[in-house]
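S.K.:
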Amino acid sequence: MKSLVAGELRAKIEESRKNSASCGKDFTLARVRSFQEADQKLQEACARLGIEKPHMIAAH
C-alpha cells in the first residue's frame with residue numbers, strides 16, 4: 004500500500020469536498036425541477052377537473 008504525504012492527503016480531501024458540493028447542488032436543482040414539474044402536472048389535472056388549486060410556487 005502506498006503511503007500518502009500530508010500534501011497529497013489534503014489535496015484528496017479538498018477535491019472530495021468540491022465534488023461533494025457539486026453533487027449536492029446538482030441534487031438540489033434536480034429536486035426543485037422535479038417539484039416544479041409535479042406542480043405543473045397538478046395544476047393541469049385540477050384545471051381538467053374544474054378544481055381551483057392555489058399556486059404552490061410563487062412566480063417571479
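Numbering (this note's numbering), first residue to last: 4 to 63. From the three backbone atoms N, C-alpha and C, an ideal C-beta is built for every residue, glycine too.
(1) Put Glu18 into one of helix, strand or coil per three-state DSSP.
(2) Using the Cα positions of Ala48 and Glu40, report the straight-line distance between them to the nearest angstrom.
(3) Would you tell me roughly how many angstroms separate the C-alpha atoms of Phe30 and Ser37, rounded to the nearest one?
(4) Excluding the 5 residues preceding and the 5 following Glu55 in the sequence, name in chain order all residues of the same chain whose CB lies nearer than 8 Å to its CB.
M.R.: If we stick to the structure as given:
(1) helix
(2) 12 Å
(3) 10 Å
(4) Cys49
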